[in-house]
Structures are given as C-alpha cells and as structure tokens.
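Step one of this worksheet: look at the structure below.
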Amino acid sequence: MGQAISAPKKSSDKLYYVWVVIGLFFIFIFGRVVPPFAGIDSVGVSIIGIFIGTLLMVSFGNMSFWPLLVAFIAMIDCGFSTSGDLLTSWFGNTTIQMLIWLLAVTGAVADSGAVQVLVYKLLSLKIIKGRPKTFLFILFIGFMFCALLLQASTALVILYLTIVDGICKACDIEDDNELRRTMQLGVYNSVMGIYILPFKIVGALALAEAALEPAGLAFDTGAYIITAGIIIVAIMLIYWAIVCFVWKPDMTKLKNFNFEDMNLKPEQKKLNRRQIIMLVLLLVGVVYLFASTFAPAGGTIRAFTGKYGSVWIWVGLLAVMCIIRIDGKPMINGAKVMSDKVLWGIIAMAGCFSILGNCIASDTHGIKTAIANLINNTIGTPSVFVLVLFSVVLTTVVTNLTSGFAASYPLLAICLPIAATMQANGVISSATPLATVIIASSFFAYMTPGAIIYAPILLEKPGMTKKFIWTKGLLVVGIFIVLATAVGTICSYIL
Numbered sequence: 002m003g004q005a006i007s008a009p010k011k012s013s014d015k016l017y018y019v020w021v022v023i024g025l026f027f028i029f030i031f032g033r034v035v036p037p038f039a040g041i042d043s044v045g046v047s048i049i050g051i052f053i054g055t056l057l058m059v060s061f062g063n064m065s066f067w068p069l070l071v072a073f074i075a076m077i078d079c080g081f082s083t084s085g086d087l088l089t090s091w092f093g094n095t096t097i098q099m100l101i102w103l104l105a106v107t108g109a110v111a112d113s114g115a116v117q118v119l120v121y122k123l124l125s126l127k128i129i130k131g132r133p134k135t136f137l138f139i140l141f142i143g144f145m146f147c148a149l150l151l152q153a154s155t156a157l158v159i160l161y162l163t164i165v166d167g168i169c170k171a172c173d174i175e176d177d178n179e180l181r182r183t184m185q186l187g188v189y190n191s192v193m194g195i196y197i198l199p200f201k202i203v204g205a206l207a208l209a210e211a212a213l214e215p216a217g218l219a220f221d222t223g224a225y226i227i228t229a230g231i232i233i234v235a236i237m238l239i240y241w242a243i244v245c246f247v248w249k250p251d252m253t254k255l256k257n258f259n260f261e262d263m264n265l266k267p268e269q270k271k272l273n274r275r276q277i278i279m280l281v282l283l284l285v286g287v288v289y290l291f292a293s294t295f296a297p298a299g300g301t302i303r304a305f306t307g308k309y310g311s312v313w314i315w316v317g318l319l320a321v322m323c324i325i326r327i328d329g330k331p332m333i334n335g336a337k338v339m340s341d342k343v344l345w346g347i348i349a350m351a352g353c354f355s356i357l358g359n360c361i362a363s364d365t366h367g368i369k370t371a372i373a374n375l376i377n378n379t380i381g382t383p384s385v386f387v388l389v390l391f392s393v394v395l396t397t398v399v400t401n402l403t404s405g406f407a408a409s410y411p412l413l414a415i416c417l418p419i420a421a422t423m424q425a426n427g428v429i430s431s432a433t434p435l436a437t438v439i440i441a442s443s444f445f446a447y448m449t450p451g452a453i454i455y456a457p458i459l460l461e462k463p464g465m466t467k468k469f470i471w472t473k474g475l476l477v478v479g480i481f482i483v484l485a486t487a488v489g490t491i492c493s494y495i496l
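Structure follows, in structure tokens:
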C-alpha cells in the first residue's frame, strides 16, 4: 500500500520539476538567447517567452499562483516595465479591483446556501409532477439560470450532480441507465449559465480588454451578455430537445418523482431571512450591471452607474451585508469573507495575462505586426467567419484535451487584435463577440479528465460511460461548435 502511494508521488514530482524548468527557461532565458526577429524587439521577444512559460506552467503543470508572480518579476527584469508602473498596471486595473470585491460578495452568498435552496425549490414545482419532459426542462434550463447567481463552478457541478443522484435514488433509476447519463450531462452543462455574466470570467475579461485597448476600443459588456446568453441558452434548449425528441430515453420512472422522497432537511426546503437578504443584494448587483450596460446613454440611470463604476457597487453591497444584523449578529464577518473568499491566484492570473496581452496587442514592441504578417502570409486576410470558426474549433478541441487556458488566452491575445482592426475599419460592428465565443468555448469541456478542473467529477459519476461521452457527448460538442460559430459571426456584424 505504501509503495503504491509513494511511486505516483515521485513520478508526479519529477513531472512537476520538468514543467518548472521548461517554464522558467521561457520566462527568464528565452529572451536572452533568442535575438530580435520579424520586427519584434528584444523586449518583445522576452514578453513572448514570459507568456509561453507562464501559460505552460499554468496549463500543463497545474501551478496556478507562483508562476504568475515570477512572470511579474521577469517583466521588470527584461525592461518591459518599472516596478512601480507594473504595480499600478496590476492593482490599478478596475477589472482586477472589481474581481477582489466580487469574489467576496459571491463567496458570501454561496456560503449562505441560498442558491441550493432555490435549486431544490425548482424540483418542488407542481408543474413538473408526472411530466418528464417538463421535469427535464426545469432541470436543465432552470439550473442554468440558477448558475447565474454563483461564481464557484466546481462547487455547483458537485451540487447539481449530487441532486441528480438524489433524483435517481428517489425514482429508483439504476446506475447503468441512459436517462441518468443524459441528466448528468445536462446539469453539468447547465453550469455554463455562470458565464453569461462577464464578471464571472474576470481573468479572460481582463485579457480581452487589454487586447482591445491598443486599438482604442473597449470591451462591450452588452455584446458579451447577448452573445453568451444566446449561445448558452440555445445549447441547453437544443440539448433538452435532443434528449426528449431524438434520443428518447425511457422516462417512465420520472413520472413518479415525488419531491418529498428526496428526504431533505427543513433548512434545504425554505429560504431563511439571511438567505433572502443576501440573494436580494446579489440581484441588486446583477441589475446594476445590466443597467450600466443597457440603460440609455445620457439618462439618469447611466449617470448614476457611471459615477460609481463597476467596482464600488460590490464594495457597497459587501458593506451592507456587514451592517445588517440578524439575531443580534452581523450577517457576515466582512474581514473573514475577504480573507477566505478572495482568490489571489485568480487575481494574479488576471493581472499577469492582461498586462502581457496588452503588450502583445500593442504596436510598441512589434509582436502584433509580426503576428499579423504571419497570418497574412499563411492564409491571407481571414474573413470574420473564418476567424470565429478557427477560434471556436481550436479552443473547444484544446479545452477538451487539456486546460482551456492553453487555447483561449493565446487566441484572445492573437486573434482579438485582428478583430479589433476589423472593427476600427468598419468591417464589423464589434470585436467583443469573438472574445465571447473564445471564452465560452474554453468552458464547454468534458470529453477527457484533463479537459477542465471539474470534468473528472462528471466522468467518474456512477453510470457515466466513455461510450456515452464519445458518441452522444461528442455530438453535443459538435453542435456547440456550429452554434457558437454562427452566433459569434452574426453578432460581430449586428451588435
């Protein structure tokens, strides 16, 4: 037993140090041994090395914090930035500032258990009793909208799949049952609802903003919400329709589903006062986001949201949560929430890749021009459709084999500036839909255990089989690619 455990650990340690050596070589040595080329100056070469090295360690070495800190040091070492300017670029970025407070607010709401109660309430609706198709609709679409309220995707995957286990137990649906598998994949993909709102993917958002900035463009939050919303809602509706009208698994046992058979505790069935208040406050933040995006320019609402920006709303909501007392105690311990829920790995990643992305997308060190020349010499000037198709296919394929960062971050840094040029030249209305489909594709992952951090949770569930994943699951991935490409292309022209 001892040897069986220690051997994989040694192997894992060796692989870890292999990635460390490779990553540090690119971060610190690449720029010193590779001379300037293709119009890229020495600093630009170093930035390419830092980008590659950091990406390799984060994507393949499963190192999510310290390589980013080392990358910041390397940016100073190669002469890209001074120490003071780098700190300003990192912590002075409003997106990074928003992330800090947003993580605290959403983390507090998640800990309250409010969303779990909402999910169970969906299963208690009378409309689903004796109606299997309606039941699955609520399960897939309702759970997707519940995901809007949370930030922690892994926790939500665990919750949703656990609920499916409870449903199957209550309905006596055995492990090796096609209906069970379709429900598992459906609720797994419904977690994509998290990413309809852009503040849930701040790392990629910061990189997208940085890639657009050199062209004088801003990330269009409204275009993101519309594009992501259409794609995610549509794929869930299509999946529901395929399950109900094409695959047609035996749903007889779902007709007998009784919510009470799940044997839930009383606190899991009804929202308490604390949970209601926290949900209301979170919804205030979501409404504020929509108002700041879609309210008429020049109106009172836009003036108000413009005054406080995207950061102070979350600071204010956290303060209100601290002020309110329930049963003589503060609703939350603000200092503890900030300590426990602010994920510095995410903050470091967002800051690091946004700074690197800005450099790659700018004209300062020649990287953008070199990439554009390479693409033009290889395939010519790509159309919007080709650019979107290429981005979606590559991101989705790579994401389903390994980390989504391996494809999405380089593509945001490389392809988005091309779309930005198209927007600046009037070819398309917005470059943001391209960023949106890249981001969405980087989270539509479950084909292999390495696809995304929570993919093994689905693949190891009782009843889930490789045959199902590589037949019906693969079909769903193909549909997603077609859908995301079509929506991304159309939205690029009309938004």
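The end of the sequence shown is residue 496 by this note's numbering, with every number in the run present.
Glycine residues also receive a C-beta, built at the ideal position from the N, C-alpha and C atoms.
Please read all numbers here as calculations on a predicted model, not as lab measurements.
- With a contact defined as Cβ atoms closer than 8 Å, Ala109 and Val338 qualify at about 5 Å.
- In its chain, beyond the 5 residues on either side, Trp102 have a beta carbon closer than 6 Å to the beta carbon of Val316.
- Val35 places its beta carbon 7 Å or farther from that of Val44.
- Between the alpha carbons of Leu206 and Ile495 lies a gap of roughly 21 Å.
- The beta carbon of Gly367 is closer than 7 Å to those of Gly40, Ile41, Asp42 and Gly45 in its chain, skipping five residues each way along the sequence.
- In this structure, the straight-line span from the alpha carbon of Ile168 to that of Ala446 is close to 24 Å.
- For Glu179, the enclosing alpha helix (DSSP H) covers residues Glu179 to Ser191.
- Here Asp221 is near Thr433, since their CB atoms are less than 7 Å apart.
- By the Cβ-count criterion, Glu268 is exposed, with fewer than 16 other Cβ atoms from all chains shown falling within 10 Å of its own Cβ.
- Runs of the alpha helix (DSSP H) lying entirely within the stretch 432 to 469 and spanning at least 4 residues, in chain order: 433 to 442 and 456 to 460.
- For the set Thr486, Val22, Phe469 and Ile333, the Cα lying nearest the Cα of Pro250 is the one of Phe469.
- In the structure shown, the three-state DSSP call for Phe81 is coil.
- Closest in C-alpha terms to Asp86, from the list Gly352, Gly479, Val247 and Trp471, comes Gly352.
- Between Cys245 and Lys134, the gap from beta carbon to beta carbon is short of 7 Å.
- The Cβ atoms of Val312 and Thr95 lie closer than 7 Å to each other.
- The continuous alpha helix (DSSP H) containing Pro133 extends over residues Pro133 to Phe138.
- Ranking Leu402, Asp262, Ile439 and Ser431 by CA distance to the CA of Trp471 puts Leu402 first.
- With respect to the C-alpha of Ile491, the residue from Ala229, Lys254, Leu100 and Ile324 having the closest C-alpha is Ala229.
- Looking at Ile356, Ile361, Gly54 and Thr486, the one whose alpha-carbon comes closest to that of Gly93 is Ile356.
- Look at the beta carbons and you see the stretch 456 to 468 touching the stretch 179 to 187: at least three pairs across the two are nearer than 8 Å.
- For Phe38, no alpha helix (DSSP H) segment is defined, and its DSSP state is neither H nor E.
- Within the stretch 358 to 417, the runs of alpha helix (DSSP H) at least 4 residues long that lie entirely inside it are, in chain order, 368 to 380 and 385 to 400.
- Closest in alpha carbon position to Tyr196, among Arg275, Gly299, Ala211 and Met145, is Met145.
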